[in-house]
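Visitor: Structure provided below as structure tokens; questions to follow.
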Amino acid sequence: EILWRAKPKKSAFIWGKIMQMLPIVLLWVCFDGFFIGILIGTVKEIPTGLVIFLCVFFAFHLAPLWIWLTNVLTAGRRVKNTEYAFTDKRIIIRSGLIGIDIANIYYSDIQSVNVRVGLIDRILKVGDIYISGSFKAQVLSDIADPYRVTSELQTIIHDIKADILYPNALRPEENPGYHTKYRP
Numbered sequence: 012e013i014l015w016r017a018k019p020k021k022s023a024f025i026w027g028k029i030m031q032m033l034p035i036v037l038l039w040v041c042f043d044g045f046f047i048g049i050l051i052g053t054v055k056e057i058p059t060g061l062v063i064f065l066c067v068f069f070a071f072h073l074a075p076l077w078i079w080l081t082n083v084l085t086a087g088r089r090v091k092n093t094e095y096a097f098t099d100k101r102i103i104i105r106s107g108l109i110g111i112d113i114a115n116i117y118y119s120d121i122q123s124v125n126v127r128v129g130l131i132d133r134i135l136k137v138g139d140i141y142i143s144g145s146f147k148a149q150v151l152s153d154i155a156d157p158y159r160v161t162s163e164l165q166t167i168i169h170d171i172k173a174d175i176l177y178p179n180a181l182r183p184e185e186n187p188g189y190h191t192k193y194r195p
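Structure (structure tokens):
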């Protein structure tokens, strides 16, 4: 049974990919651009073999730019293929660029659930939910109303773990300790 289902907010997802490496890429391009500009200005004085070598070198040296461009240009396709769902047994994360990857996270394996709302997330009214445990940490990116969703997820996790640790057959009719306040 599906308890909750959502997709990332498209605008937030794409803006997140744009901003992810932007400061590093800008510094890198300025640095390389300075040297490329000098080379263009003095290209007539440099031997042809060295010019070819430097062109190949800068094509590889600009790898952060190419990685950033790839992330930005594929963001629309990634967001289209991304979907999250909470079921009564597990969390399902569907993602991918060309192929579809599906990650299943069982509630009993979860150790922590955290929310992160960055500047762009706050402006676009979304947030990221980080789930970690005995598996590779997963992120539910750009979820609308992340605090409410996290609260619901924590309730589901608590209820499922309580059912595992204390099956219905072993529960007393009354449990006076459950809703009491801690008093040292």
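If you read the sequence shown in this note's numbering, its first letter stands for residue 12, the second for the next number, and so on.
Every residue, glycine too, gets a C-beta built ideally from N, C-alpha and C.
1) Rounded to whole angstroms, what is the Cα-Cα separation between lysine 147 and phenylalanine 45?
2) Going by the beta-carbon positions, is the gap between isoleucine 103 and isoleucine 168 smaller than 7 Å?
3) At 3 residues or longer, what runs of the beta strand (DSSP E) sit wholly inside the stretch 36-107?
4) Quick one: residues in its chain with C-beta nearer than 7 Å to the C-beta of threonine 161, no 5 flanking neighbours on either side, listed in chain order?
5) Please classify alanine 70 as buried or exposed, where buried requires at least 16 neighbouring CB atoms within 10 angstroms.
6) With H, G and I counted as helix, E and B as strand and the rest as coil, what does DSSP make of leucine 151?
7) Measuring CB atoms only, is the stretch 27-40 touching the stretch 78-89, in the sense that at least three cross pairs come out at less than 8 Å?
8) Please state whether DSSP places tyrosine 193 in a helix, a strand or coil.
Guide: On the basis of the supplied data:
1) To locate residue 147, count along the sequence shown from 1; it is residue 136. To locate residue 45, count along the sequence shown from 1; it is residue 34. Straight-line spacing of the CA atoms in lysine 147 and phenylalanine 45 works out to 41 Å.
2) As a position in the sequence shown, residue 103 is number 92, starting the count at 1. As a position in the sequence shown, residue 168 is number 157, starting the count at 1. One thing to note: isoleucine 103 has its Cβ no nearer than 7 Å to the Cβ of isoleucine 168.
3) As far as the stretch 36-107 is concerned, its whole beta strand (DSSP E) runs of at least 3 residues are 94-98, 101-106.
4) Indexing the sequence shown from 1 puts residue 161 at position 150. Contacts found: Val124, Val126, Ile140.
5) Along the sequence shown, read from residue 1 onward, the residue named residue 70 stands at position 59. Alanine 70 should be labelled exposed.
6) Residue mapping note: residue 151 aligns to position 140 of the sequence shown, counting from 1. Look at leucine 151 here: in three-state DSSP terms it is strand.
7) Short answer: they touch.
8) Taking the sequence shown and counting its residues from 1, the one referred to as residue 193 is at position 182. Confidence in tyrosine 193 is poor, its pLDDT being 45 and thus under 50, which makes the residue's placement unreliable; the coordinate value appears in the next sentence. Here tyrosine 193 sits in coil by DSSP.
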